[in-house]
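Residue numbers (my numbering), protein chains in the order written: chain P, 205 to 642; chain D, -19 to 156.
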């Protein structure tokens, strides 16, 4: 009975936490986003036929597809039936030379489709693998994604979004900054496993250790290199760097100080942390010190005691860090939400016409290519016909051409013969200067 | 099964250009990139990315990109944009973080232009002078020296100076 009660309580608690959401329903702009389907162009699209056409073009035809085609395919989808196909197409498109031309609406279509069909793990994998998929969320999408993940109590994925944004070094949007700080804080207070599949891969590695090494030939060996940015894999380091990056971009001094301390501690910049603690003027929020101390305890640097001393000497503002961050997010949201919704709606409207223009431009380009090809073909045909009709008039010329050809052929043949048959060749003796023979 | 890679070794360390630009939204247009092998110069050398055009990925080889950049080499700003294509595969590049960008521009502004002054002429070769003296001809002729044209050649002639065939000149020429 007690257990049942307990589970009920946790369920209720979870539901309460689920309801936690910063952005309003209207931020999602779902109605405007759905309006794109009313366009006659997207109505006509049959996903299966289009996918077949595109994938055959990628594999057998010109090995490349146009960005507009991909965009039309991505935008025409409404349910999870073609998710795998969409993923495959974006991957192949990314590897082709056309990848620089990807339309901005494609990013939105892919992210929104994966989100709508609740395929969060795949979405996160795609967003993390930027080189192979090239799907980059903008500020609006980041806010949308983070809000959704926070609402679903999936803090880890929310931090993945904001740390990705840190890697882009694009942290100018107020809502993104605030929600990023919130999710980072939530994650470090209650850390979960950062990567799910890591354990499995380790096991498979152990099994095959006994077998012989497989040798692979490469042109050049890569020297080991760690750039401290894109190569960061440790969750603490990523989150620490994110908090550090955001903390320097917010106006709130106390919050900035708190998060700078946390960021340095989690990013394991011990020397920077100690110099920051010496210089810091102003106070930090309640709860910061405890979190920083857990980070220090986890890594145990040499100057741990000194750092802890310095931490305990800091002035502490009598307000809870979590509550303050919460307020900070709410403030940012109330300040910017309206304008952002408005902007995004106009952007979505613009994309509709933009897509049609782009498509007509692409079709025109194709038409032009086709016509050029036709002209080329006609020219070739005319030339052949001319040769046939006026052969005896120009016989002299043709003979000359033929002679030239024969000469060239003879020359190459002779060259080959001399190389092969010259057995009398003796390589010259090479003497070093100053070398005397006895 | 562990994989052992076999291939030629290099002195380069860093990332290929695609690994940097492909990881950035809008392919890193407007960002600063530098090469780690330029660290040997004390003057700042870096690129500002102007446009990026990736090429198709071929199997597992490092991907090449056609990038047009504004090049700053050893404190000198090139007037025309430079195309990086054939060397874009080299794992030698490094992204400059946005908050350090101003630092690099400041370094460029504060950097002294490189100077190298070379003598404008050289005396006659010793043997030739002896021959001329033997023939009672004017042996005081000086031969003018030309500076090779090159984008990065900053040498300037000082016409008042004359280079001579001093012992150090022969140091590298003599065979032992």
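Every residue gets a Cβ at the ideal spot worked out from N, C-alpha and C, and that includes glycine.
All values reported here derive from a predicted model rather than from experimental measurement.
In chain D, which residues lie with their C-beta within 7 Å of the C-beta of residue 301 of chain P? Counting from one through the first chain, the residue named residue 301 of chain P turns up at place 97. Within 7 Å Cβ-Cβ: 34, 35, 36.
Round the Cβ separation of residue 391 of chain P and residue 359 of chain P to the nearest angstrom and send it over; I've been treating them as touching at under 8 Å. Translated into positions along the first chain, residue 391 of chain P becomes position 187. Translated into positions along the first chain, residue 359 of chain P becomes position 155. The Cβ separation is near 5 Å, so the contact holds.
Nearest residue (CA-CA) to residue 450 of chain P, options P:427, P:382, P:419, P:484: In the first chain, the residue the question calls residue 450 of chain P occupies position 246. Cα-wise, what sits closest to residue 450 of chain P is P:382.
Locate the beta strand (DSSP E) running through residue 140 of chain D, then write down its first and last residues. On the second chain, residue 140 of chain D is found 160 positions in, with the first residue counted as 1. Residues 135 to 143.
In whole angstroms, what separates the C-alpha of residue 579 of chain P from that of residue 573 of chain P? Residue mapping note: residue 579 of chain P aligns to position 375 of the first chain, counting from 1. Residue mapping note: residue 573 of chain P aligns to position 369 of the first chain, counting from 1. Computed Cα separation, rounded: 10 Å.
In three-state terms, what does DSSP make of residue 73 of chain D? Taking the first residue of the second chain as position 1, residue 73 of chain D is located at position 93. When DSSP states are grouped into helix, strand and coil, residue 73 of chain D belongs to the strand group.
Evaluate residue 37 of chain D with the Cβ neighbour count: other Cβ atoms within 10 Å of its Cβ, from every protein chain shown; 16 or more gives buried, anything less gives exposed. Taking the first residue of the second chain as 1, we reach residue 37 of chain D at position 57. It is buried - the Cβ of residue 37 of chain D has at least 16 other Cβ atoms within 10 Å.
Compare the Cα-Cα distances from residue 106 of chain D to each of D:55, D:68, D:147, D:127 and report the closest residue. Locating residue 106 of chain D in the second chain gives position 126, where the first residue counts as 1. Taking only the C-alpha atoms, the option nearest residue 106 of chain D is D:147.
Taking contact to mean 3 or more Cβ pairs, one atom from each stretch, closer than 8 Å, check whether the segment 321 to 331 of chain P and the segment 524 to 534 of chain P are in contact. Two segments are said to touch when three or more pairs of C-beta atoms, one from each, lie closer than 8 Å; by this definition the segment 321 to 331 of chain P does not touch the segment 524 to 534 of chain P.
Excluding five sequence neighbours on each side, which residues of the same chain lie with their C-beta closer than 6 Å to the C-beta of residue 112 of chain D? By one-based count along the second chain, residue 112 of chain D stands at place 132. Only 119 meet the Cβ criterion.
Using a Cβ-Cβ cut-off of 9 Å, state whether residue 566 of chain P counts as contacting chain D. In the first chain, counting from the first residue as 1, residue 566 of chain P sits at position 362. Answer no: the Cβ-Cβ gap between residue 566 of chain P and chain D never drops below 9 Å.
Determine the contact status of residue 56 of chain D and residue 99 of chain D, defining contact as a CB-CB distance below 9 Å. In the second chain, the residue the question calls residue 56 of chain D occupies position 76. In the second chain, the residue the question calls residue 99 of chain D occupies position 119. Taking 9 Å as the Cβ cut-off, residue 56 of chain D and residue 99 of chain D do not qualify as a contacting pair.
Tell me which residue opens and which closes the alpha helix (DSSP H) that residue 397 of chain P is part of. Here residue 397 of chain P refers to the residue found at position 193 of the first chain. First-last for residue 397 of chain P: undefined, no H or E at that position.
With C-beta atoms as the reference, is residue -2 of chain D less than 9 Å away from residue 68 of chain D? Walking along the second chain from the start, residue -2 of chain D turns up at place 18. Walking along the second chain from the start, residue 68 of chain D turns up at place 88. With respect to residue 68 of chain D, residue -2 of chain D sits close: the two C-beta atoms are nearer than 9 Å.
Using 9 Å as the threshold, is the C-beta distance between residue 71 of chain D and residue -7 of chain D below it? The residue you call residue 71 of chain D lines up with position 91 of the second chain. The residue you call residue -7 of chain D lines up with position 13 of the second chain. Cβ atoms of residue 71 of chain D and residue -7 of chain D: closer than 9 Å.
Could you list the residues in the segment 327 to 360 of chain P with a C-beta less than 8 Å from some C-beta on chain D, going in chain order? So the close ones are 334, 335, 338, 340, 342.
Which partner residues of residue 14 of chain D appear in the DSSP bridge assignment? Position 34 of the second chain, counted from the start, is the residue given in the question as residue 14 of chain D. Its beta-bridge partners are D:74.
Can you check DSSP and say which residues form a bridge with residue 63 of chain D? To locate residue 63 of chain D, count along the second chain from 1; it is residue 83. Residue 63 of chain D is bridged by DSSP to D:48.
Report yes or no: is there a C-beta of chain P within less than 9 Å of the C-beta of residue 74 of chain D? Translated into positions along the second chain, residue 74 of chain D becomes position 94. Closer than 9 Å to some Cβ of chain P, the Cβ of residue 74 of chain D qualifies, so yes.
Under a three-way DSSP split, which group does residue 315 of chain P fall into? Here residue 315 of chain P corresponds to residue number 111 of the first chain, with the count starting at 1. Looking at residue 315 of chain P - three-state DSSP - the assignment turns out to be helix.
When you check each C-beta in the segment 284 to 311 of chain P against every C-beta of chain D, which residues fall closer than 7 Å? 299, 300, 301, 303, 304
Here's a check: name, in chain order, each residue in its chain whose Cβ is nearer than 7 Å to the Cβ of residue 309 of chain P, leaving out the five neighbours to either side. In the first chain, the residue the question calls residue 309 of chain P occupies position 105. Taken in chain order, the residues that qualify are 275, 279, 555, 559.
Presumed contact (8 Å Cβ cut-off) between residue 484 of chain P and residue 518 of chain P, rounded CB distance: Here the question's residue 484 of chain P lines up with position 280 in the first chain. Here the question's residue 518 of chain P lines up with position 314 in the first chain. Confirmed, about 7 Å.
Taking a cut of 9 Å between CB atoms, which residues from the segment 425 to 453 of chain P lie near chain D? 425, 426, 427, 428, 429, 431, 433, 434, 435, 449, 452
Do the segment 279 to 298 of chain P and the segment 250 to 265 of chain P meet, that is, are 3 or more Cβ pairs less than 8 Å apart? A contact exists between the segment 279 to 298 of chain P and the segment 250 to 265 of chain P.
If you drop the 5 nearest sequence neighbours on each side, which residues of the same chain put their C-beta closer than 8 Å to that of residue 125 of chain D? As a first step, residue 125 of chain D is located in the second chain; it is residue number 145 there, counting from the start. Same-chain partners within the cutoff: 98, 99, 100, 101, 102, 137, 143.
Below 9 Å on C-beta distance, what does residue -11 of chain D contact in chain P? Translated into the one-based positions of the second chain, residue -11 of chain D becomes position 9. Residues of chain P passing the Cβ test: 424, 425, 427.
With the cut-off set at 9 Å, would you say residue 448 of chain P and residue 463 of chain P are in Cβ contact? In the first chain, the residue the question calls residue 448 of chain P occupies position 244. In the first chain, the residue the question calls residue 463 of chain P occupies position 259. Pairing residue 448 of chain P with residue 463 of chain P gives a Cβ-Cβ distance under 9 Å.
Using the Cα positions of residue 13 of chain D and residue 431 of chain P, report the straight-line distance between them to the nearest angstrom. Residue numbering aside, residue 13 of chain D sits at position 33 when the second chain is read from its first letter. Residue numbering aside, residue 431 of chain P sits at position 227 when the first chain is read from its first letter. So the alpha carbons of these two residues sit roughly 13 Å apart.
Counterpart residues of residue 99 of chain D in DSSP-defined beta bridges: Taking the second chain and counting its residues from 1, one reaches residue 99 of chain D at position 119. DSSP lists D:138 as partners of residue 99 of chain D.
Could you tell me the alpha carbon to alpha carbon distance between residue 128 of chain D and residue 272 of chain P, rounded to whole angstroms? The residue you call residue 128 of chain D lines up with position 148 of the second chain. The residue you call residue 272 of chain P lines up with position 68 of the first chain. Their Cα atoms are separated by approximately 51 Å.
Can you check DSSP and say which residues form a bridge with residue 53 of chain D? For the purposes of this step, residue 53 of chain D is taken as the residue at position 73 of the second chain. Per DSSP, D:56.
In the structure shown, what three-state DSSP assignment does residue 22 of chain D receive? The residue you call residue 22 of chain D lines up with position 42 of the second chain. Looking at residue 22 of chain D - three-state DSSP - the assignment turns out to be coil, as it is neither helix nor strand.
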